[in-house]
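Let me begin by presenting the structure, written as structure tokens, before commenting on it.
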Amino acid sequence: MNNIKIAITLLCSMLWIAFAQGQSIQRAEPLHWWVGMHNPELQIVLYGSDIGDCEVKLPKTGIQLKKVHRVENTNYLFLDVEILDNAQAGTYPIALYKNGKKVLTRDYVLKNRDKDLVKAQGVHAADLIYLIMPDRFANGDPDNDSVKGMRETAVNRDSMYYRHGGDLQGIINNLDYLEDLGVTALWMTPVLTNDMPGYSYHGYANTENYEIDPRFGTVDTYRKLGKELHKRNMKLVHDVVPNHVGLYHWAVIDRPSSDWLHEWDAFTQTTYKDQTMFDPYGTQADKDLMEKGWFVETMPDLNHQNEKMQKYITQSHIWWIEEVGVDGFRIDTYPYNDLEFMGKWTDAIRAEFPDFSFFGETWVHSVPNQAYFLGGQKLGQDVDTKLEGVTDFQLNYAIGDALNLEKDGANKLYSIVSGDYLYPNPLANVIFLDNHDKDRFFSTVGEDIEKYKSAFSWLLTYRGIPQMYYGAEILMKNFSRPDGLVRDDFKGGFPGDEVNKFTPEGRTEAENDMFNHVRTLAQYRKKTAALQDGKLLHYVPQNDVYVYFRYNDKEKVMVIMNCSKEQQDVALARFDEGIGQSNQMKNILTGESLDLPESVAVKGKQTLVLELK
Numbered sequence: 103m104n105n106i107k108i109a110i111t112l113l114c115s116m117l118w119i120a121f122a123q124g125q126s127i128q129r130a131e132p133l134h135w136w137v138g139m140h141n142p143e144l145q146i147v148l149y150g151s152d153i154g155d156c157e158v159k160l161p162k163t164g165i166q167l168k169k170v171h172r173v174e175n176t177n178y179l180f181l182d183v184e185i186l187d188n189a190q191a192g193t194y195p196i197a198l199y200k201n202g203k204k205v206l207t208r209d210y211v212l213k214n215r216d217k218d219l220v221k222a223q224g225v226h227a228a229d230l231i232y233l234i235m236p237d238r239f240a241n242g243d244p245d246n247d248s249v250k251g252m253r254e255t256a257v258n259r260d261s262m263y264y265r266h267g268g269d270l271q272g273i274i275n276n277l278d279y280l281e282d283l284g285v286t287a288l289w290m291t292p293v294l295t296n297d298m299p300g301y302s303y304h305g306y307a308n309t310e311n312y313e314i315d316p317r318f319g320t321v322d323t324y325r326k327l328g329k330e331l332h333k334r335n336m337k338l339v340h341d342v343v344p345n346h347v348g349l350y351h352w353a354v355i356d357r358p359s360s361d362w363l364h365e366w367d368a369f370t371q372t373t374y375k376d377q378t379m380f381d382p383y384g385t386q387a388d389k390d391l392m393e394k395g396w397f398v399e400t401m402p403d404l405n406h407q408n409e410k411m412q413k414y415i416t417q418s419h420i421w422w423i424e425e426v427g428v429d430g431f432r433i434d435t436y437p438y439n440d441l442e443f444m445g446k447w448t449d450a451i452r453a454e455f456p457d458f459s460f461f462g463e464t465w466v467h468s469v470p471n472q473a474y475f476l477g478g479q480k481l482g483q484d485v486d487t488k489l490e491g492v493t494d495f496q497l498n499y500a501i502g503d504a505l506n507l508e509k510d511g512a513n514k515l516y517s518i519v520s521g522d523y524l525y526p527n528p529l530a531n532v533i534f535l536d537n538h539d540k541d542r543f544f545s546t547v548g549e550d551i552e553k554y555k556s557a558f559s560w561l562l563t564y565r566g567i568p569q570m571y572y573g574a575e576i577l578m579k580n581f582s583r584p585d586g587l588v589r590d591d592f593k594g595g596f597p598g599d600e601v602n603k604f605t606p607e608g609r610t611e612a613e614n615d616m617f618n619h620v621r622t623l624a625q626y627r628k629k630t631a632a633l634q635d636g637k638l639l640h641y642v643p644q645n646d647v648y649v650y651f652r653y654n655d656k657e658k659v660m661v662i663m664n665c666s667k668e669q670q671d672v673a674l675a676r677f678d679e680g681i682g683q684s685n686q687m688k689n690i691l692t693g694e695s696l697d698l699p700e701s702v703a704v705k706g707k708q709t710l711v712l713e714l715k
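According to my numbering, the sequence shown is numbered sequentially starting from 103.
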């Protein structure tokens with residue numbers, strides 16, 4: 103028997119000893135629900151010692167028991183209930199009987215929906231997403247740095263592997279900084295309880311579905327963060343992980359049934375071969391290894407074919423939208439999910455929140471591979487995933503090549519975006535320079551300031567939803583070897599920091615110069631519709647110079663991107679189709695305005711952003 107099964111068996115034995123001391127209902131999930139939801143049907147999971155053979159009654163009117171599902175594990179009951187039109191907010195007792203005698207009662211709460219809570223606005227091309235790892239950004243409450251009883255209690259800022267103490271309150275304390283920078287949406291790596299013995303700071307192995315990790319705060323803190331964002335006309339993006347949970351998730355330690363997870367005779371890892379999902383010549387065995395293999399040994403793969411699992415996942419995600427005011431989801435490891443389930447999942451969420459939006463992580467290596475996972479298109483899919491946007495790794499690779507290759511770099515961007523005909527809505531794709539898994543882009547371009555500025559000029563003027571990684575605006579650097587090196591603390595966010603990078607005084611001259619470059623473009627983008635959902639017109643690169651326009655009926659922005667090392671004098675006559683009747687231009691980064699010249703000088707690796715009138 104492998105180590106994982108041994109660990110799970112030991113844990114199950116420990117739990118069973120505890121249960122044997124007395125029967126009780128230890129859990130009811132979702133924690134509560136609401137009256138007035140679009141879908142009146144709800145699955146309530148009851149968990150407790152040996153409750154599986156109990157008769158269930160809901161004596162109070164307003165909520166009707168439709169069916170009781172009993173599973174292999176007698177510590178579970180799955181209740182299908184319907185919340186009737188006459189249901190009122192309040193407490194609804196769930197009574198369990200044995201041999202006609204009531205043995206247990208669990209009160210279940212239905213709430214009124216908070217009509218004043220802003221939520222489900224969607225995240226769109228008008229937004230600029232800022233990605234934060236909460237543990238590494240700012241510590242607003244040192245009292246929760248270490249929580250007794252959790253499997254990982256160590257806090258050590260000198261190590262990239264341990265927790266550092268950042269939390270939700272720290273982020274709340276610095277929202278003015280993000281607003282001033284021009285950010286309109288905040289995406290954090292997962293904030294649910296991650297009670298794993300190591301590397302718990304990253305959050306991608308959650309052990310609870312309805313808890314905020316106490317080292318980050320509480321559900322109330324998370325709700326407060328959402329409200330503070332919405333006060334500033336900013337949005338909250340919640341990172342969801344439908345594919346897997348942590349090995350110490352309570353429903354993994356004591357599984358409801360043998361088909362709750364994808365399990366193998368021995369540990370079987372996914373092949374990471376996304377091609378198997380659409381390969382016309384591929385085998386079912388290879389497809390199963392990709393979709394059903396575990397991501398890593400500590401992340402059990404959830405069985406999306408299990409209908410009870412489907413409801414459990416879906417309801418938990420709807421719960422967070424309604425509970426705290428989430429506006430959009432970033433979906434982790436999207437290609438590894440069962441795509442038929444993901445289509446149903448999306449429909450269920452959209453039925454409740456029609457304006458809600460999603461973008462999926464698709465770390466693949468071609469435009470067709472990436473486009474395959476989107477909904478609303480015909481690329482050999484058996485199902486419509488309904489997914490509207492992806493993290494655009496192809497443009498991420500291309501911008502690195504554009505600025506680093508000795509020649510023909512500009513053509514990389516031109517060629518990749520020319521494949522946009524494969525996307526139902528290219529504007530829904532999230533474009534980025536770096537993230538928590540990749541080398542920081544400042545290091546990718548060899549800490550060349552001109553290249554780095556050029557990259558941000560591209561990011562904030564190109565098609566799609568731009569996403570930046572925390573600290574990118576102040577020249578944070580390093581390579582992802584290992585990952586922890588690109589997850590440094592934001593200096594000034596933690597007690598005892600000698601400098602405070604949240605303030606101009608705490609930043610170096612170079613850091614302030616970069617901050618102002620990003621801020622100028624981000625604030626300009628906020629008020630310029632052409633850079634949000636405007637059309638894109640681009641020209642075949644010449645002399646490694648890439649020229650494109652973003653425009654609508656009222657606005658026009660011309661971007662000249664010199665990907666060569668040498669200064670180029672770019673004659674403008676060739677771009678008449680884009681320039682049209684414009685006769686003036688304003689350099690957005692310098693503020694200089696002048697009549698449209700015959701040519702423009704662009705330094706090596708420089709990008710100009712020009713507003714045309």
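Glycine residues also receive a C-beta, built at the ideal position from the N, C-alpha and C atoms. The structure displayed is predicted, hence computed values, not measured ones.
- In this structure, the beta-carbon distance from F475 to G430 does not fall below 8 Å.
- D269 counts as buried, since at least 16 other C-beta atoms from the protein chains shown sit within 10 angstroms of its C-beta.
- Taking I234 as the centre and dropping the five residues before and after it, the same chain places the C-beta of I273, L288, M290 and Y572 closer than 7 Å to its C-beta, in chain order.
- Beta-bridge annotation (DSSP): H351 is not paired with any residue.
- Here DSSP, grouped into helix, strand and coil, assigns N513 to helix.
- Counting every other CB atom within 10 Å of its CB across the protein chains shown gives Y199 a total below 16, marking it as exposed.
- Exclusion of the five residues before and after T255 leaves S248 and V249 as the residues of its chain whose Cβ lies within less than 8 Å of its Cβ.
- For T163, the three-state secondary structure derived from DSSP is coil.
- Taking C-beta separations shorter than 6 Å and ignoring five residues to either side along the sequence, the partners of R208 in its chain run I127, A130 and I196, following chain order.
- Between the alpha carbons of L529 and F495 lies a gap of roughly 14 Å.
- Less than 8 Å divides the Cβ of V466 from the Cβ of P437.
- Between A512 and V647 the beta-carbon gap is near 6 Å, inside 8 Å, which marks them as a contact.
- Residue L186 holds the alpha-carbon nearest to the alpha-carbon of P142 among P244, L186 and K540.
- DSSP links Q708 through a beta bridge to no other residue.
- Looking at A557, Y564 and V354, the one whose alpha-carbon comes closest to that of N664 is A557.
- With contacts defined by Cβ atoms closer than 8 Å, I153 and L206 form a contacting pair.
- Here the C-alpha atom of D245 lies approximately 11 Å from the C-alpha atom of Q271.
- Beta bridge pairing from DSSP links M687 with L696 and L714.
- Contact between the segment 522 to 536 and the segment 559 to 569 is present: 3 or more CB-CB pairs across the two stretches fall below 8 Å.
- When secondary structure is reduced to three states using DSSP, R129 falls in the strand class.
- The alpha carbon of Y264 has as its nearest neighbour, out of T193, T286 and Y303, the alpha carbon of Y303.
- The three-state reading of DSSP puts V293 in coil, since its state is none of H, G, I, E or B.
- Going by C-alpha positions, D615 is about 19 Å away from T546.
- Under the three-state reduction of DSSP output, S545 falls in the helix class.
- Taking 3 residues as the shortest admissible run, the segment 321 to 365 contains the following complete beta strand (DSSP E) segments, listed from N- to C-terminal end: 337 to 342.
- Contiguous alpha helix (DSSP H) elements confined to the segment 232 to 297 occur at 236 to 239, 270 to 275 and 277 to 283, taking only those with 4 or more residues.
- Of the residues assessed, T193 falls on the exposed side of the cut-off, its CB having fewer than 16 other CB atoms within 10 angstroms.
- Here the C-alpha atom of L179 lies approximately 18 Å from the C-alpha atom of H351.
- By alpha-carbon distance to P299, the top candidate from G251, N311, L280 and H419 is G251.
- With respect to the C-alpha of V220, the residue from V469, M139, H332 and S359 having the closest C-alpha is H332.
- Around the Cβ of L338, a 10 Å sphere holds 16 or more other Cβ atoms; the residue is buried.
- Of the residues assessed, Y324 falls on the buried side of the cut-off, its CB having 16 or more other CB atoms within 10 angstroms.
- Residue environment: F581 is assigned as exposed (fewer than 16 neighbouring CB atoms within 10 Å of its CB, all protein chains considered).
- Spanning the alpha carbons of M336 and E157 requires a straight line of approximately 48 Å.
- The three-state reading of DSSP puts D615 in helix, counting H, G and I together.
- For E657, the secondary structure class from DSSP, reduced to helix, strand or coil, is coil.
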